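Colleague:
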Amino acid sequence: MQEENGKKSAPTKPKDRFRFSSERGRADLNPYVDRIGEHGKLVLTAEKAEQQRGQWRSLLGRSEACPLLLEIGPGNGFFFAELIARFPAAALLAVEIRFKRVWLTADKAKRTKLDNFRVIHHHSGYLDLLFEPGELDAVFINHPDPWPKERHHKHRLLQKSFAEQLATQLRPQGEVWIKSDFDPYGPLAREVFSASPWHEIAYTEDLHGAGSQLLKKAPAKSRFWCADSETNYERKSRKKGARITVAGYRRLPPSGADEAHQTGAER
Ligand SMILES: C[S@@+](CC[C@H](N)C(=O)[O-])C[C@H]1O[C@@H](n2cnc3c(N)ncnc32)[C@H](O)[C@@H]1O
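Residue numbers 0 to 266, in numbering that gives the first Met the number 0, belong to the letters of the sequence shown in order.
(1) Assuming L129 contacts Q164 under a Cβ cut-off of 8 Å, what Cβ separation, rounded to an integer in Å, is found between them?
(2) Going by other Cβ atoms of all chains shown within 10 Å of its Cβ, with 16 needed for buried, is F116 buried or exposed?
(3) Could you say if the segment 42-51 and the segment 77-85 meet the contact criterion of at least three C-beta pairs nearer than 8 Å?
(4) Nearest by alpha-carbon distance to H121: which of P253, F19, C225 and A241 is it?
(5) Straight-line CA distance for G208 to Y31?
(6) Would you check if there are 3 or more beta carbon pairs closer than 8 Å linking the segment 177-192 to the segment 105-116?
(7) Applying the criterion that 16 or more other CB atoms from any shown protein chain within 10 Å of the CB defines a buried residue, is P252 buried or exposed?
(8) Below 8 Å on the Cβ atoms is my contact criterion, and I expect R170 with A246 to pass it. Report the Cβ-Cβ distance as a whole number of Å.
(9) Check whether the Cβ atoms of P73 and E95 lie closer than 9 Å to each other.
(10) Please classify A201: is it buried, with 16 or more other beta-carbons within 10 angstroms of its beta-carbon, or exposed?
(11) Helix, strand or coil: how does DSSP classify R56 here?
(12) Is the CB-CB distance between Q168 and P132 below 9 Å?
(13) Whole angstroms are fine: how far does the CA of T44 sit from the CA of G173?
(14) Compute the Euclidean distance between the alpha carbons of A166 and S193, then round it to the nearest angstrom.
(15) By how many angstroms is the C-alpha of S195 removed from the C-alpha of H111?
(16) How far does the alpha helix (DSSP H) with E204 in it extend, from its first residue to its last?
(17) In terms of residue numbering, what span does the beta strand (DSSP E) encompassing W102 cover?
(18) Helix or strand or just coil, what does DSSP make of D136?
(19) Roughly how many angstroms lie between the CA atoms of A226 and E70, to the nearest whole one?
(20) What would DSSP say about G185, mapped onto helix, strand or coil?
Here it is as structure tokens:
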């Protein structure tokens with residue numbers, strides 16, 4: 000949240016912006032609209048999640064110093080469950096748009112026997128309603144939908160406006176990690192995250208080939224790298240022979256941004 004004269008500012012809610020709501024789910028058409036309730040407090044509807052903006056760490060019993068990690072589009076939840084196990088001291092959230100995948104992700108996450116997480120039914124275009132500026136430490140985006148047809152490109156998650164949104168929601172030194180088996184998404188990630196305040200900390204278009212050093216060693220100073228955790232989509236597409244792209248970016252503090260971009264440090 001922006002600090003203005005010591006007061007916290009409210010998120011903007013433009014009047015013409017479509018309001019995402021879990022209440023629009025049709026239980027007569029999709030049983031998971033009701034079934035997400037089976038996971039109790041571990042799953043939050045969009046409406047309930049928005050009420051937690053700025054309070055995620057305290058909801059999850061963590062101090063303000065502890066990292067808050069977000070996965071967008073967890074799908075079946077295999078990677079999210081690994082994240083929880085890998086960072087048991089952190090607070091973890093997953094934002095997923097489809098009811099069934101919300102249920103599946105919570106189901107996998109529950110098996111860790113930890114409760115420092117929540118799975119949120121929401122749309123990734125509304126991060127400003129879920130998080131105060133600077134609230135997040137890392138965001139993971141694994142295999143975002145490709146939308147290959149040109150007329151559908153506007154639906155792609157990787158857009159300049161999305162990178163600007165993340166630059167607001169992430170703390171300085173926060174990290175964004177992207178994985179994809181869709182070849183155009185590597186260059187697109189580079190384009191979208193090319194401007195300040197972003198600094199590229201890792202990039203390969205072939206994680207299991209030329210870029211396999213990333214599987215053995217984290218890039219310098221990366222706190223949240225976990226490229227060696229395979230996602231469900233990744234496993235399936237690797238079986239079909241696809242190459243996996245990984246792109247990692249750090250949100251630089253304002254004063255260090257230009258210098259790091261000029262030196263190309265850590266590439
Ligand atoms: C191709 S699947 C990848 C699933 C998983 N990350 C993996 O790698 O196995 C993309 C996921 O993103 C979710 N998704 C698509 N658009 C979304 C949005 N705007 N907000 C949140 N989740 C979204 C889909 O429902 C789906 O679960």
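Backbone N, C-alpha and C define an ideal beta-carbon position, used for all residues, glycine too.
Small disclaimer: the values here were computed from a predicted structure and weren't measured.
Modeller: The structure says:
(1) The C-beta distance from L129 to Q164 rounds to 11 Å, too long to fall under 8 Å, and the pair is not in contact.
(2) So F116 ends up on the buried side.
(3) Judged by Cβ distances under 8 Å, the segment 42-51 makes no contact with the segment 77-85, as fewer than three pairs qualify.
(4) Checking every option, the nearest Cα to that of H121 belongs to F19.
(5) Roughly 39 Å separates the two Cα atoms.
(6) Counting Cβ pairs under 8 Å, fewer than three are found: no touch.
(7) With fewer than 16 other Cβ atoms from the protein chains shown falling within 10 Å of its own Cβ, P252 counts as exposed.
(8) Distance from R170 to A246 at the Cβ level is roughly 20 Å; contact not present, criterion being Cβ atoms closer than 8 Å.
(9) Yes, the Cβ-Cβ distance between P73 and E95 is below 9 Å.
(10) Counting Cβ neighbours within 10 Å, A201 comes out buried, since at least 16 surround it.
(11) Note: R56 maps to helix in three-state DSSP.
(12) Yes, these two residues count as a Cβ contact at 9 Å.
(13) If you draw a straight line from the Cα of G173 to the Cα of T44, it is about 26 Å long.
(14) Answer to the nearest angstrom: the Cα atoms are 12 Å apart.
(15) It should be noted that the sequence gives Thr, not His, for residue 111. T111 and S195 have their C-alpha atoms some 37 Å from each other.
(16) Run containing E204: none; DSSP gives neither H nor E here.
(17) Under the DSSP assignment, W102 falls outside any beta strand (DSSP E), being part of the alpha helix (DSSP H) whose first and last residues are F98 to K109.
(18) The DSSP-derived three-state label of D136 is strand.
(19) Cα to Cα, A226 sits roughly 13 Å from E70.
(20) When secondary structure is reduced to three states using DSSP, G185 falls in the helix class.
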